[in-house]
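Residue numbers (the working numbering), protein chains in the order written: chain A, 1 to 115; chain B, 116 to 227.
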């Protein structure tokens, strides 16, 4: 059973370009979460999605960031007009339906560098 | 949300047991206690979770105080690969909180 997959693993973008990060959840998982980890800091929640629905986006910056989890295909985190402060590791996690019993399984992350 | 308190760092010798403490004095009756760890340059990894009773799995043991205001993650024989940041996280049983709330965790160093 393949784990959570993220690609690309490393992404370099110039300021003003767009970044697209992809996440394929574990087989059978319909819940996806995105987290961001700035250098030398802890992980911060960004957004929680189910298939075709955004459940909680309270951690998403109000501008330039968007996320989707279509019926078919991976979840996408999109950052428009990137700035240097967007440089970070972005982790995706998946789980069965949310609940205190259920653990989240994390991908290896995408390391975004904005030059 | 109920918060957890952990020491910033701990050291251990290889092949010795490690006890990582976590205080959660404001835990509610419906909160599960989860532990995750993050190895250097990797994504977080689930370790173990429990509600009231002590739990064991292939990675670790979780000892939960009778009043549930604290818990201890036990690594029975630390290896160099166990060097990581360990996070103690509370999760509501009902699932009202979808995301994990990561604190600063405990950075475990393992000496050969």
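We treat Cβ as the ideally placed atom computed from N, Cα and C, and that holds for glycine.
Cutoff 9 Å: residue i Cβ touching any chain B Cβ
{"i": "residue 10 (chain A)", "result": "no"}
{"i": "residue 4 (chain A)", "result": "yes"}
{"i": "residue 76 (chain A)", "result": "no"}
{"i": "residue 67 (chain A)", "result": "no"}
{"i": "residue 31 (chain A)", "result": "yes"}
{"i": "residue 55 (chain A)", "result": "yes"}
{"i": "residue 72 (chain A)", "result": "no"}
{"i": "residue 103 (chain A)", "result": "yes"}
{"i": "residue 59 (chain A)", "result": "yes"}
{"i": "residue 28 (chain A)", "result": "no"}
{"i": "residue 85 (chain A)", "result": "no"}
Cutoff 9 Å: residue i Cβ touching any chain A Cβ
{"i": "residue 220 (chain B)", "result": "yes"}
{"i": "residue 144 (chain B)", "result": "no"}
{"i": "residue 139 (chain B)", "result": "no"}
{"i": "residue 161 (chain B)", "result": "yes"}
{"i": "residue 121 (chain B)", "result": "no"}
{"i": "residue 149 (chain B)", "result": "yes"}
Residue i, DSSP secondary structure in three states
{"i": "residue 20 (chain A)", "result": "strand"}
{"i": "residue 197 (chain B)", "result": "helix"}
{"i": "residue 85 (chain A)", "result": "helix"}
{"i": "residue 182 (chain B)", "result": "coil"}
{"i": "residue 112 (chain A)", "result": "strand"}
{"i": "residue 165 (chain B)", "result": "strand"}
From the options, residue whose alpha carbon lies closest to that of residue i
{"i": "residue 173 (chain B)", "options": "B:167, B:188, B:159 and B:180", "result": "B:188"}
{"i": "residue 66 (chain A)", "options": "A:73, A:54 and A:72", "result": "A:54"}
{"i": "residue 145 (chain B)", "options": "B:207, B:215, B:217 and B:227", "result": "B:207"}
{"i": "residue 17 (chain A)", "options": "A:24, A:87, A:46 and A:106", "result": "A:87"}
{"i": "residue 48 (chain A)", "options": "A:93, A:102 and A:85", "result": "A:93"}
Pair within 9 Å by beta-carbon distance, residue i and residue j
{"i": "residue 162 (chain B)", "j": "residue 223 (chain B)", "result": "no"}
{"i": "residue 7 (chain A)", "j": "residue 113 (chain A)", "result": "no"}
{"i": "residue 137 (chain B)", "j": "residue 176 (chain B)", "result": "no"}
{"i": "residue 81 (chain A)", "j": "residue 69 (chain A)", "result": "no"}
{"i": "residue 226 (chain B)", "j": "residue 126 (chain B)", "result": "yes"}
{"i": "residue 10 (chain A)", "j": "residue 95 (chain A)", "result": "no"}
{"i": "residue 183 (chain B)", "j": "residue 130 (chain B)", "result": "no"}
Chain A contact residues for residue i, given Cβ-Cβ distances below 8 Å
{"i": "residue 216 (chain B)", "result": "45"}
Closer than 8 Å: residue i CB and nearest the ligand MN heavy atom
{"i": "residue 23 (chain A)", "result": "Looking at this structure, you won't find the ligand MN or any other ligand, since it has none at all."}
Neighbouring residues, chain A, relative to residue i (Cβ below 7 Å)
{"i": "residue 158 (chain B)", "result": "91, 106, 107, 108 and 109"}
{"i": "residue 165 (chain B)", "result": "The premise fails here: residue 165 (chain B) is roughly 10 Å from chain A at the closest Cβ pair, so nothing lies under 7 Å."}
Contact set between residue i and chain B, taken where Cβ atoms lie within less than 7 Å
{"i": "residue 16 (chain A)", "result": "What residue 16 (chain A) touches in chain B: nothing, since even the nearest Cβ is about 28 Å away."}
Chain A contact residues for residue i, given Cβ-Cβ distances below 9 Å
{"i": "residue 134 (chain B)", "result": "Within chain A, no residue comes near residue 134 (chain B); the closest Cβ sits about 22 Å away, beyond 9 Å."}
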